[in-house]
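**Q**
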Amino acid sequence: MPAGASGRHTLCGVSIDTSPRNAPLPLLVLGQGRDLHSERGVECPGDLPAPSDPDLVARARAAKEALGDRVFVLGHHYQRDEVIEFADVTGDSFKLAQQAAARPQAPWIVFCGVHFMAESADILTHDDQTVVLPDLAAGCSMADMATSAQVDDCWDDLVEAGVDGLTIPVSYMNSSAAIKAFTGRHGGTICTSSNAATALEWAFGRTGGVGGSGKVLFLPDQHLGRNTAVRELGLSLDDCVVYDPHRPGGGLTPEQLRAARMILWRGHCSVHGRFTVDAVQTARREIPGVKVIVHPECRYEVCELADEIGSTEQIIAKVGAAPAGTSWVVGTELNLVKRLASKFPEQSIAFLEKNVCYCSTMNRIDLPHLVWTLESLVEGQVVNPIRVDPEVAHWAKVALDQMLALPGRTHKV
Ligand code: SF4
Numbered sequence: 096m097p098a099g100a101s102g103r104h105t106l107c108g109v110s111i112d113t114s115p116r117n118a119p120l121p122l123l124v125l126g127q128g129r130d131l132h133s134e135r136g137v138e139c140p141g142d143l144p145a146p147s148d149p150d151l152v153a154r155a156r157a158a159k160e161a162l163g164d165r166v167f168v169l170g171h172h173y174q175r176d177e178v179i180e181f182a183d184v185t186g187d188s189f190k191l192a193q194q195a196a197a198r199p200q201a202p203w204i205v206f207c208g209v210h211f212m213a214e215s216a217d218i219l220t221h222d223d224q225t226v227v228l229p230d231l232a233a234g235c236s237m238a239d240m241a242t243s244a245q246v247d248d249c250w251d252d253l254v255e256a257g258v259d260g261l262t263i264p265v266s267y268m269n270s271s272a273a274i275k276a277f278t279g280r281h282g283g284t285i286c287t288s289s290n291a292a293t294a295l296e297w298a299f300g301r302t303g304g305v306g307g308s309g310k311v312l313f314l315p316d317q318h319l320g321r322n323t324a325v326r327e328l329g330l331s332l333d334d335c336v337v338y339d340p341h342r343p344g345g346g347l348t349p350e351q352l353r354a355a356r357m358i359l360w361r362g363h364c365s366v367h368g369r370f371t372v373d374a375v376q377t378a379r380r381e382i383p384g385v386k387v388i389v390h391p392e393c394r395y396e397v398c399e400l401a402d403e404i405g406s407t408e409q410i411i412a413k414v415g416a417a418p419a420g421t422s423w424v425v426g427t428e429l430n431l432v433k434r435l436a437s438k439f440p441e442q443s444i445a446f447l448e449k450n451v452c453y454c455s456t457m458n459r460i461d462l463p464h465l466v467w468t469l470e471s472l473v474e475g476q477v478v479n480p481i482r483v484d485p486e487v488a489h490w491a492k493v494a495l496d497q498m499l500a501l502p503g504r505t506h507k508v
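Numbering (the working numbering), first residue to last: 96 to 508.
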């Protein structure tokens with residue numbers, strides 16, 4: 096739809112109001128500040144329907160109907176309700192990538208999530224399928240905290256310290272395809288928040304076991320790495336060091352690298368990293384009998400105080416299985432907590448921290464972006480395709496396949 100068009104326009108049988116009140120908005124143009132090494136910041140050309148357009152729901156419905164089996168819409172648990180309503184399947188990032196791969200008949204996969212998720216879906220789907228991200232500015236700040244060049248420098252530091260042969264990289268799913276490829280090239284594995292312990296056991300097992308002298312380089316979420324190593328594998332906090340990519344040598348001496356068992360990348364989730372000990376203590380004071388459940392991307396001291404820790408899928412399952420009348424405070428993304436509260440009204444479900452808001456990049460995917468994406472597909476135009484470089488995709492898939500081959504695979508997908 097050309098910018099500045101006015102009057103009415105018909106698509107998929109829906110009459111679209113393009114009068115000045117509902118005139119399309121220009122998409123956020125990021126081309127000027129583009130950073131091709133960033134998860135985000137690439138150009139997003141086109142026009143969006145106005146958020147005030149009362150026909151948005153009807154337009155999305157009509158476009159989806161017109162596309163039929165040719166489109167498969169994936170909705171991450173942290174997406175807004177208005178987007179989730181149009182998802183063919185909801186889940187965490189790994190489940191969604193698997194679901195996409197299981198639908199070879201759909202040439203277009205619309206991924207309502209963030210950039211690294213769409214990359215993983217592109218890697219796992221067939222070559223003739225195209226993964227589309229409705230807004231290219233939907234990146235992940237955690238994934239952006241580990242760039243390929245930084246991680247290569249880190250490996251050089253490990254070589255210099257003489258410990259590269261003892262170190263296996265384990266990278267969280269929430270990382271760019273380039274970091275997954277680094278992991279595959281260096282004989283490591285990907286993990287999710289629900290199989291991180293299995294992945295660490297496997298990695299340590301390759302270098303003498305958890306009690307041996309091997310090391311894991313854990314990317315990019317220091318909190319998931321620390322929580323898993325200390326709380327689940329029994330390593331001590333002193334076994335962990337934090338590699339800061341913004342300091343020479345990661346801010347560590349070769350001796351510190353040699354002594355460490357877990358080399359944690361200095362990255363974190365901008366949402367989960369903000370939950371505090373104070374919020375847990377306040378909830379316990381104010382809500383008698385409350386159960387605190389948090390995601391393992393939360394800080395170690397917050398996890399220590401929680402009653403339950405679980406991945407997104409595990410939080411949903413735990414809360415869903417609790418008896419009526421249970422009181423919860425939940426430390427994960429707000430959209431999901433609100434959805435849990437409306438899905439289980441017989442329980443009392445509250446958000447853990449009043450100073451934490453939605454994941455801002457996840458929330459970039461909204462109904463106008465989804466409508467724009469679907470209507471463009473109806474018109475034969477594929478917008479915002481996510482295509483991973485074949486060499487990067489190859490090595491990233493090596494690391495993803497290693498995750499699938501983990502012994503006693505435990506991720507709940
Ligand atoms: S919730 Fe955290 S890890 Fe997930 S996309 Fe947002 S910033 Fe990234």
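A virtual CB, placed ideally from N, CA and C, is assigned to each residue, including glycine.
So, for G345: in the same chain, excluding its five sequence neighbours on each side, which residues have a beta-carbon less than 7 Å away from its beta-carbon?
**A** C249, D252, Y338, D339
**Q** Under the three-state reduction of DSSP, which class applies to L359: helix, strand or coil?
**A** strand
**Q** Within the structure, which residues are defined as neighbours of the ligand SF4 by a Cβ-heavy atom distance below 5 Å, reported in chain order?
**A** V209, C235, S236, M237, N269, C364, S365, V366, C454
**Q** From what residue to what residue does the beta strand (DSSP E) around A445 run?
**A** 443 to 446
**Q** For G384 and T421, I'd like the C-alpha separation in whole angstroms.
**A** Rounded to whole angstroms, G384 to T421 spans 8 Å at the Cα level.
**Q** I'd like the ranges of any beta strand (DSSP E) spanning at least 3 consecutive residues and lying wholly in the region 338 to 399.
**A** 357 to 360, 386 to 389
**Q** Could you tell me if R116 is buried or exposed, where buried requires 16 or more neighbouring beta carbons within 10 angstroms of its beta carbon?
**A** Note that R116 scores 48 on pLDDT, short of 50, meaning its location in the model is unreliable; the coordinates nonetheless yield the value given after this. Exposed, since its Cβ has fewer than 16 Cβ neighbours within 10 Å.
**Q** In angstroms with no decimal places, state the Cα-to-Cα distance between A488 and S288.
**A** Straight-line spacing of the CA atoms in A488 and S288 works out to 22 Å.
**Q** Say whether the region 412 to 432 touches the region 192 to 208, bearing in mind that this needs 3 or more beta-carbon pairs closer than 8 Å, one atom from each stretch.
**A** no
**Q** Around the Cβ of R380, are there at least 16 other Cβ atoms within 10 angstroms (buried) or fewer (exposed)?
**A** exposed
**Q** Quick check on V487: does DSSP put it in helix, strand or coil?
**A** helix
**Q** Using only the alpha-carbon positions, how far apart do P119 and A157 sit?
**A** Residue placement at P119 is flagged as unreliable, the pLDDT there being 47, under the threshold of 50; a coordinate-derived value is accordingly withheld.
**Q** Using the three-state DSSP reduction, which class does K433 fall into: helix, strand or coil?
**A** K433: helix per DSSP, three-state reduction.
**Q** Residues in its own chain within less than 6 Å of L495 by CB, not counting five upstream and five downstream?
**A** I285
**Q** Work out the CA separation of E177 and S215 for me, nearest whole Å.
**A** 24 Å
**Q** Within the chosen definition, does the region 145 to 162 reach the region 412 to 419 through at least 3 CB pairs nearer than 8 Å?
**A** no
**Q** Verify whether the separation of the beta carbon atoms of P264 and H318 is less than 9 Å.
**A** A distance of 9 Å or more separates the beta carbons of P264 and H318.
**Q** Based on Cα-Cα distance, which residue from D230, V432, C335, G234 lies nearest to V387?
**A** Comparing Cα-Cα distances from V387 to each of D230, V432, C335, G234, the minimum goes to V432.
**Q** Do you know offhand how far W490's Cα is from A272's?
**A** 9 Å
**Q** If you compare alpha carbons, which of C335, H367, G368 is closest to L352?
**A** Of the candidates C335, H367, G368, C335 places its Cα closest to the Cα of L352.
**Q** Using 10 angstroms around the beta-carbon of D230, count the other beta-carbons present and answer buried if the total reaches 16, otherwise exposed.
**A** buried
**Q** Are the CB atoms of V152 and F167 within a distance shorter than 9 Å?
**A** no
**Q** For the beta strand (DSSP E) that contains G186, what are its first and last residues?
**A** 184 to 186
**Q** What is the C-beta distance between R459 and A213, in whole angstroms, given that I count them as a contact (C-beta under 8 Å)?
**A** The Cβ separation is near 13 Å, so there is no contact.
**Q** For the candidate residues D164, S437, P315, whose alpha-carbon lies nearest to that of Q245?
**A** P315
**Q** Since A423 sits in a beta bridge, which residues does DSSP pair it with?
**A** The residue asked about is misnamed: residue 423 is Trp in this sequence, not Ala. The partner list for W423 (beta bridge, DSSP) reads K386, I444.
**Q** For the beta strand (DSSP E) that H171 lies in, which residues bound it at each end?
**A** 166 to 171
**Q** Just to check my reading of the structure: A201 and D164 have Cβ atoms closer than 8 Å, yes? What is that Cβ distance to the nearest angstrom?
**A** 6 Å
**Q** How about V389 and L328: are their beta carbons less than 9 Å apart?
**A** no
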